[in-house]
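Engineer: Chains as they are written, first to last, in the numbering used here: chain A, 2 to 414; chain B, 2 to 414.
Heads up, the beta-carbon is just placed ideally off N, CA and C, and yes, glycines get one too.
Starting off with a structure, shown below.
Number of protein chains: 2
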Amino acid sequence: MRAELVSIGTELLLGQIVDTNAAYLAAKLAEIGVGVYFKTTVGDNLERARLALEQALARSDALVCTGGLGPTADDVTSEAVAALTGTQLVLHQPSLDHIQRLFHHRQLPLLDSHRKQALIPSGALPLPNPVGSAPGYILELRGKLIAALPGVPSEMRAMAEESLLPYLAERTGGELVIKSRVLRFAGIGESMLEERTRELFASENPTIAYLAQPGEAHLRITARAASRSQADAMIAAMQQAVLERLGEAYFGADQDTLESAVGARLRQLGLTLATAESCTGGLLGDRITNIPGSSAYYQGGVVSYSNRAKVELLGVPSPVIAAHGAVSAETALAMAGGARARLRADLALAITGVAGPGGGTAAKPVGLVYLALDDGVHPASRELRLGGARQEIKYRSTQVALTMLWQYLGSRG
Amino acid sequence: MRAELVSIGTELLLGQIVDTNAAYLAAKLAEIGVGVYFKTTVGDNLERARLALEQALARSDALVCTGGLGPTADDVTSEAVAALTGTQLVLHQPSLDHIQRLFHHRQLPLLDSHRKQALIPSGALPLPNPVGSAPGYILELRGKLIAALPGVPSEMRAMAEESLLPYLAERTGGELVIKSRVLRFAGIGESMLEERTRELFASENPTIAYLAQPGEAHLRITARAASRSQADAMIAAMQQAVLERLGEAYFGADQDTLESAVGARLRQLGLTLATAESCTGGLLGDRITNIPGSSAYYQGGVVSYSNRAKVELLGVPSPVIAAHGAVSAETALAMAGGARARLRADLALAITGVAGPGGGTAAKPVGLVYLALDDGVHPASRELRLGGARQEIKYRSTQVALTMLWQYLGSRG
Numbered sequence: 002m003r004a005e006l007v008s009i010g011t012e013l014l015l016g017q018i019v020d021t022n023a024a025y026l027a028a029k030l031a032e033i034g035v036g037v038y039f040k041t042t043v044g045d046n047l048e049r050a051r052l053a054l055e056q057a058l059a060r061s062d063a064l065v066c067t068g069g070l071g072p073t074a075d076d077v078t079s080e081a082v083a084a085l086t087g088t089q090l091v092l093h094q095p096s097l098d099h100i101q102r103l104f105h106h107r108q109l110p111l112l113d114s115h116r117k118q119a120l121i122p123s124g125a126l127p128l129p130n131p132v133g134s135a136p137g138y139i140l141e142l143r144g145k146l147i148a149a150l151p152g153v154p155s156e157m158r159a160m161a162e163e164s165l166l167p168y169l170a171e172r173t174g175g176e177l178v179i180k181s182r183v184l185r186f187a188g189i190g191e192s193m194l195e196e197r198t199r200e201l202f203a204s205e206n207p208t209i210a211y212l213a214q215p216g217e218a219h220l221r222i223t224a225r226a227a228s229r230s231q232a233d234a235m236i237a238a239m240q241q242a243v244l245e246r247l248g249e250a251y252f253g254a255d256q257d258t259l260e261s262a263v264g265a266r267l268r269q270l271g272l273t274l275a276t277a278e279s280c281t282g283g284l285l286g287d288r289i290t291n292i293p294g295s296s297a298y299y300q301g302g303v304v305s306y307s308n309r310a311k312v313e314l315l316g317v318p319s320p321v322i323a324a325h326g327a328v329s330a331e332t333a334l335a336m337a338g339g340a341r342a343r344l345r346a347d348l349a350l351a352i353t354g355v356a357g358p359g360g361g362t363a364a365k366p367v368g369l370v371y372l373a374l375d376d377g378v379h380p381a382s383r384e385l386r387l388g389g390a391r392q393e394i395k396y397r398s399t400q401v402a403l404t405m406l407w408q409y410l411g412s413r414g
Numbered sequence: 002m003r004a005e006l007v008s009i010g011t012e013l014l015l016g017q018i019v020d021t022n023a024a025y026l027a028a029k030l031a032e033i034g035v036g037v038y039f040k041t042t043v044g045d046n047l048e049r050a051r052l053a054l055e056q057a058l059a060r061s062d063a064l065v066c067t068g069g070l071g072p073t074a075d076d077v078t079s080e081a082v083a084a085l086t087g088t089q090l091v092l093h094q095p096s097l098d099h100i101q102r103l104f105h106h107r108q109l110p111l112l113d114s115h116r117k118q119a120l121i122p123s124g125a126l127p128l129p130n131p132v133g134s135a136p137g138y139i140l141e142l143r144g145k146l147i148a149a150l151p152g153v154p155s156e157m158r159a160m161a162e163e164s165l166l167p168y169l170a171e172r173t174g175g176e177l178v179i180k181s182r183v184l185r186f187a188g189i190g191e192s193m194l195e196e197r198t199r200e201l202f203a204s205e206n207p208t209i210a211y212l213a214q215p216g217e218a219h220l221r222i223t224a225r226a227a228s229r230s231q232a233d234a235m236i237a238a239m240q241q242a243v244l245e246r247l248g249e250a251y252f253g254a255d256q257d258t259l260e261s262a263v264g265a266r267l268r269q270l271g272l273t274l275a276t277a278e279s280c281t282g283g284l285l286g287d288r289i290t291n292i293p294g295s296s297a298y299y300q301g302g303v304v305s306y307s308n309r310a311k312v313e314l315l316g317v318p319s320p321v322i323a324a325h326g327a328v329s330a331e332t333a334l335a336m337a338g339g340a341r342a343r344l345r346a347d348l349a350l351a352i353t354g355v356a357g358p359g360g361g362t363a364a365k366p367v368g369l370v371y372l373a374l375d376d377g378v379h380p381a382s383r384e385l386r387l388g389g390a391r392q393e394i395k396y397r398s399t400q401v402a403l404t405m406l407w408q409y410l411g412s413r414g
């Protein structure tokens, strides 16, 4: 089956929002042996959407459309599908009931425009939306297949996983499976990763590829096989070969993140954590608490954006700030010590720096950041000189702070 | 002129890298009056690239292709253009000289594969590459235009600005300019926005369109005019008509964010702010400190993830938590009061809730969130019942908290 992704939305066409749905769908379709060869993006315009669908359908066996299922007049996907296939839009009562319940539960008024979301092409198989209001659907016609999913990523993913992908896997059963796994490394650069795995790069199946991300290095293993289990076994063997060469820098695969890896180690060791943040403003705490269940180890933190907050809430001695400045190893260590004591945690991580664009000096330029990790025995600090814009400096600071903590936990594990 | 963007590259098709070129080109082409109605993405495959170009050319006047001009065997753009148009690829000697000079300067060996980059379709106008090696080109044939630019963003942008855009502007001289502005609203749903501006939706020039984002509603005004200044005037008039209907919910345009709007009002009023966060874990502070210069008004905050942190760092009375629970209006108000006092700020914003997926009960389900805003005179709280996954609940909580603060500041302004 040759599939084509059709993304419908003017914001996508004009690049005002990034099409993460397409990347997700391409990867998931590959896993069930459905190759994606084209992607078309078209704006919220009925006639152009219809034309885009028509031309895509001419060169592909299946279209997976995302977006344009909302309640407003410029949501045109279903009308375009109906116009192209010569079907009528009909009310799907269970979907309308679902929308009514949802609005009742959220105590919002149901407008006429919302009823429009329960209209689907006659003959289509409705796909329930467990997360939001609009149903999706699959329409099979003259040997071709058109699937329509909402553009909101959480809704699209839930419907793809629960309905669309199982349906397509069933329908294409027996084709070649392509599976990938991304191995994630911290504290090692992309070139070092490449150097240490050079002889594996020649492998034709599974293949390996390198991907760089801020403060991380990724290696993707891709296997083609007759079945999922065979692909899994090929990936597992290659993963073992990779980890023999650089296992110490490996922290997780696929959806794992540094914050989830750190969280798992903290749990395992039964340790608690506190944070003290200055230039990152709460981003470190935000990332740590993105992990479900983080309250088991994360006690909380202080965002000491002002010097007064550093002194009063964290107990940083004023003379330390006066002598070394708020952006210094000494202040970072005092912040970590204060957070550890006041939040009664086993470990505390502190960040202070100049995120810019203003506020830099010759001695303390934009991008200068100090980290500290206090375990009550051997407090350690680290100096970073980062490039990039304000938000990149914030993100990279938290990335190195989490790497520092992860390496520390590894040495204790 | 109806243009279509054609992005060539397997990594783009599979979403492994984000197509920033397309967003850039769509905006720049609109500014010179060239509308972009479709975007096609295709992998590094000669036959499929040719087919994609053929179908795109059938529905558009001009194709702007990016990518696939590199030296390797899977760079197929020029071969596809030649196959489609029935032209030959010929050596462009000045481009080869440029490539040779570049490699000599960089002290790199010139391989045969690099010579391939100097081959362009016969009859095409070469576009010099001031940044890298591969030239681009413009081929005009049978009333249609095909432009090919490299995929590396810095090279693509330099060539677009120096050569392609001036060429197209000259060629379409006298055609329309298209300009857009996005108006951003908070505290109002997309359907309400649509309802209150329904009669404006009929306008054909400028047009309006609705865009939904978590906790915000956007309205885009797009004007077509003979000049930029005329388009600006049309947008300003439509903006006035929109704001007459729902000005109270308007917080900014284009790149403005709720956190930048709140920051500007705090500065204007000379007020300082503190935060107390539980379920959002620092995200509110992170967003506030994404604004350069936020240290002028943001004092800092406490991430009181544990009950003990609420009591010890924010002074929330233990009996309040015992009687009402950590997730309650009473605790939110006590958190805000504590943050205001301890961080010595004029205003404090507090968030406590159940972000899930675990931790919910019948009485306090996942998605239940309490906000409080304390100005030292009339502390106010608000209850939210949010849907979505953990990170969405966190984000929406900060979104409504910022809206609450922004509305409060408006009432004082």
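Buried or exposed for residue 130 of chain A, going by 16 or more other Cβ atoms inside 10 Å?
Structural biologist: The residue labelled residue 130 of chain A in the question sits at position 129 within the first sequence. Result: buried.
Engineer: State buried or exposed for residue 20 of chain A, treating a residue as buried only when at least 16 other CB atoms are found within 10 Å of its CB.
Structural biologist: On the first sequence, residue 20 of chain A is found 19 positions in, with the first residue counted as 1. The residue in question, residue 20 of chain A, is buried, as its Cβ has 16 or more Cβ neighbours within 10 Å.
Engineer: Are the beta-carbon atoms of residue 66 of chain A and residue 149 of chain A separated by less than 7 Å?
Structural biologist: In the first sequence, residue 66 of chain A corresponds to position 65, counting from 1. In the first sequence, residue 149 of chain A corresponds to position 148, counting from 1. It is a contact, given that the beta carbons lie within the stated cut-off.
Engineer: What does residue 361 of chain B reach in chain A if we use C-beta pairs closer than 7 Å?
Structural biologist: Here the question's residue 361 of chain B lines up with position 360 in the second sequence. The contacting residues do not exist; residue 361 of chain B stays about 12 Å from chain A at best.
Engineer: My parser needs the alpha helix (DSSP H) runs of 4 or more residues fully inside the stretch 133-190 of chain B; what are they?
Structural biologist: Counting whole runs of 4 or more residues, the stretch 133-190 of chain B contains the alpha helix (DSSP H) stretches 154-160 and 166-172.
Engineer: Quick one: which residues of the stretch 277-292 of chain A get their C-beta closer than 9 Å to a C-beta of chain B? List them in chain order.
Structural biologist: The residues in question are 278, 279, 280, 281, 282, 283, 284, 285, 286, 287, 288, 289, 290, 291 and 292.
Engineer: Which two residues bound the contiguous beta strand (DSSP E) that contains residue 41 of chain B?
Structural biologist: Locating residue 41 of chain B in the second sequence gives position 40, where the first residue counts as 1. Its beta strand (DSSP E) spans residues 36-43.
Engineer: Quick check: the Cα distance between residue 116 of chain A and residue 135 of chain A, rounded to an integer number of angstroms?
Structural biologist: Position 115 of the first sequence, counting from 1, holds the residue named residue 116 of chain A. Position 134 of the first sequence, counting from 1, holds the residue named residue 135 of chain A. Rounded to the nearest angstrom, the two C-alpha atoms are 9 Å apart.
Engineer: For chain A, find out if any of its Cβ atoms is closer than 7 Å to the Cβ of residue 252 of chain B; answer yes or no.
Structural biologist: On the second sequence, position 251 is the one that residue 252 of chain B refers to. It does not: the Cβ of residue 252 of chain B has no partner Cβ on chain A nearer than 7 Å.
Engineer: Quick check on residue 49 of chain B - is its C-beta less than 7 Å from some C-beta in chain A?
Structural biologist: On the second sequence, residue 49 of chain B is found 48 positions in, with the first residue counted as 1. Yes, contact with chain A.
Engineer: Does the beta carbon of residue 299 of chain B sit closer than 7 Å to a beta carbon anywhere in chain A?
Structural biologist: Here residue 299 of chain B corresponds to residue number 298 of the second sequence, with the count starting at 1. So yes, residue 299 of chain B belongs to the interface.
Engineer: Tell me which residues of the stretch 156-187 of chain B have at least one Cβ-Cβ distance to chain A shorter than 7 Å, keeping chain order.
Structural biologist: Those would be none; no residue qualifies.
Engineer: If residue 315 of chain A and residue 277 of chain A are in contact, beta carbons under 8 Å, what's the gap, nearest whole angstrom?
Structural biologist: Sequence index remark: in the first sequence, residue 315 of chain A carries index 314 (1-based). Sequence index remark: in the first sequence, residue 277 of chain A carries index 276 (1-based). At roughly 6 Å, the Cβ-Cβ gap stays under 8 Å, so residue 315 of chain A and residue 277 of chain A are in contact.
Engineer: Would you kindly report the start and end of the unbroken beta strand (DSSP E) that includes residue 92 of chain B?
Structural biologist: Locating residue 92 of chain B in the second sequence gives position 91, counting from the first residue. Where residue 92 of chain B is concerned, the enclosing beta strand (DSSP E) stretches over 90-92.
Engineer: Could you check whether the Cβ of residue 12 of chain A sits closer than 7 Å to any Cβ belonging to chain B?
Structural biologist: Counting from one through the first sequence, the residue named residue 12 of chain A turns up at place 11. Answer yes: the Cβ-Cβ gap between residue 12 of chain A and chain B drops below 7 Å somewhere.
Engineer: Going by beta carbon distance, what residues of the same chain come within less than 7 Å of residue 359 of chain B, once the five residues before and after it are set aside?
Structural biologist: Within the second sequence, the letter at position 358 stands for residue 359 of chain B. Nothing listed; no residue qualifies.
Engineer: Hey, does residue 16 of chain B have any beta-carbon neighbour from chain A nearer than 7 Å?
Structural biologist: Within the second sequence, the letter at position 15 stands for residue 16 of chain B. So, interface residue.
Engineer: Which of the residues in the stretch 31-55 of chain B, read from start to end, lie with their CB under 7 Å from any CB of chain D?
Structural biologist: Of the protein chains in the structure, A and B, none is chain D.
Engineer: Starting from residue 26 of chain B and walking both ways along the alpha helix (DSSP H), at which residues does that stretch end?
Structural biologist: Within the second sequence, residue 26 of chain B is the residue found at index 25, counting from 1. Where residue 26 of chain B is concerned, the enclosing alpha helix (DSSP H) stretches over 21-32.
Engineer: Which bits of chain B does residue 303 of chain A rub up against, with CB to CB less than 8 Å?
Structural biologist: The residue you call residue 303 of chain A lines up with position 302 of the first sequence. Those are 301, 302, 303, 304 and 314, listed as they occur along chain B.
Engineer: Using beta-carbon positions only, say whether residue 236 of chain A and residue 224 of chain A come within less than 7 Å of one another.
Structural biologist: Position 235 of the first sequence, counted from the start, is the residue given in the question as residue 236 of chain A. Position 223 of the first sequence, counted from the start, is the residue given in the question as residue 224 of chain A. Against a cut-off of 7 Å, the Cβ pair of residue 224 of chain A and residue 236 of chain A comes out as a contact.
Engineer: Please return the same chain residues whose Cβ sits closer than 6 Å to the Cβ of residue 232 of chain B, not counting the five positions on each side in sequence.
Structural biologist: Residue 232 of chain B sits at position 231 when you count from the first residue of the second sequence. Excluding sequence neighbours, residue 232 of chain B sits near 178, 180, 224 and 226.
Engineer: Of all the CB atoms in chain A, is at least one closer than 7 Å to the CB of residue 391 of chain B?
Structural biologist: The residue you call residue 391 of chain B lines up with position 390 of the second sequence. At least one chain A Cβ lies under 7 Å of residue 391 of chain B.
Engineer: Can you tell me which of A:386, A:230, A:109 and A:96 puts its alpha carbon nearest to the alpha carbon of residue 366 of chain A?
Structural biologist: Numbered from its first residue, the first sequence carries residue 366 of chain A at position 365. Of the listed residues, the one whose Cα sits closest to residue 366 of chain A is A:386.
Engineer: Does residue 120 of chain A get closer than 7 Å to chain B when you measure Cβ to Cβ?
Structural biologist: As a first step, residue 120 of chain A must be located in the first sequence, where it is residue number 119. Not closer than 7 Å to any Cβ of chain B, the Cβ of residue 120 of chain A fails to qualify, so no.
Engineer: Looking at the strands, I want to know which residues DSSP matches up with residue 219 of chain B.
Structural biologist: As a working mapping, residue 219 of chain B is identified with position 218 in the second sequence. BP columns for residue 219 of chain B point to B:185 and B:212.
Engineer: One question on the structure: do residue 397 of chain B and residue 207 of chain B come within less than 7 Å of each other, judged by their Cβ atoms?
Structural biologist: Within the second sequence, numbered from 1, the residue matching residue 397 of chain B stands at position 396. Within the second sequence, numbered from 1, the residue matching residue 207 of chain B stands at position 206. The answer is no: Cβ separation not under 7 Å.
Engineer: Would you say residue 109 of chain B lies against chain A (beta-carbon separation less than 7 Å)?
Structural biologist: Residue 109 of chain B sits at position 108 when you count from the first residue of the second sequence. Not closer than 7 Å to any Cβ of chain A, the Cβ of residue 109 of chain B fails to qualify, so no.
Engineer: Given residue 402 of chain A, which residues of its chain have a CB within under 7 Å of its CB, disregarding the five upstream and five downstream residues?
Structural biologist: Working through the first sequence from its first residue, we reach residue 402 of chain A at position 401. Around residue 402 of chain A: 285, 350, 352 and 372.
Engineer: If you pair each beta-carbon of the stretch 267-276 of chain B with each one of the stretch 298-310 of chain B, do three or more pairs fall below 8 Å?
Structural biologist: The stretch 267-276 of chain B, when compared against the stretch 298-310 of chain B, does touch it at the 8 Å Cβ threshold.
Engineer: Beta-carbon of residue 19 of chain B versus every beta-carbon of chain A: anything under 7 Å?
Structural biologist: Taking the first residue of the second sequence as position 1, residue 19 of chain B is located at position 18. Taking Cβ atoms only, chain A reaches closer than 7 Å to residue 19 of chain B, which makes this a yes.
Engineer: Rounded to whole angstroms, what's the CA-CA distance from residue 80 of chain A to residue 330 of chain B? Just pull it up for me.
Structural biologist: For the purposes of this step, residue 80 of chain A is taken as residue 79 along the first sequence, with counting starting at 1. For the purposes of this step, residue 330 of chain B is taken as residue 329 along the second sequence, with counting starting at 1. In a straight line, the C-alpha of residue 80 of chain A is about 45 Å away from that of residue 330 of chain B.
Engineer: Going by CA-CA distance only, name the one from A:355, A:239 and A:245 that's closest to residue 291 of chain B.
Structural biologist: Here residue 291 of chain B refers to the residue found at position 290 when the second sequence is read from its first residue. Comparing Cα-Cα distances from residue 291 of chain B to each of A:355, A:239 and A:245, the minimum goes to A:355.
Engineer: Might you give, ordered along the chain, the residues of its own chain that have their beta carbon closer than 6 Å to the beta carbon of residue 253 of chain A, omitting 5 neighbours on each side?
Structural biologist: Here the question's residue 253 of chain A lines up with position 252 in the first sequence. Cβ within range, chain order: 185 and 262.
Engineer: Nearest by alpha-carbon distance to residue 83 of chain A: which of A:362, A:140, A:170 and A:133 is it?
Structural biologist: For this step, residue 83 of chain A is matched to residue 82 along the first sequence. Ranking the options by Cα distance to residue 83 of chain A, first place goes to A:140.
Engineer: Just the Cα atoms here: how many angstroms apart are residue 234 of chain A and residue 32 of chain A?
Structural biologist: Position 233 of the first sequence, counting from 1, holds the residue named residue 234 of chain A. Position 31 of the first sequence, counting from 1, holds the residue named residue 32 of chain A. Cα to Cα, the separation comes out at about 14 Å.
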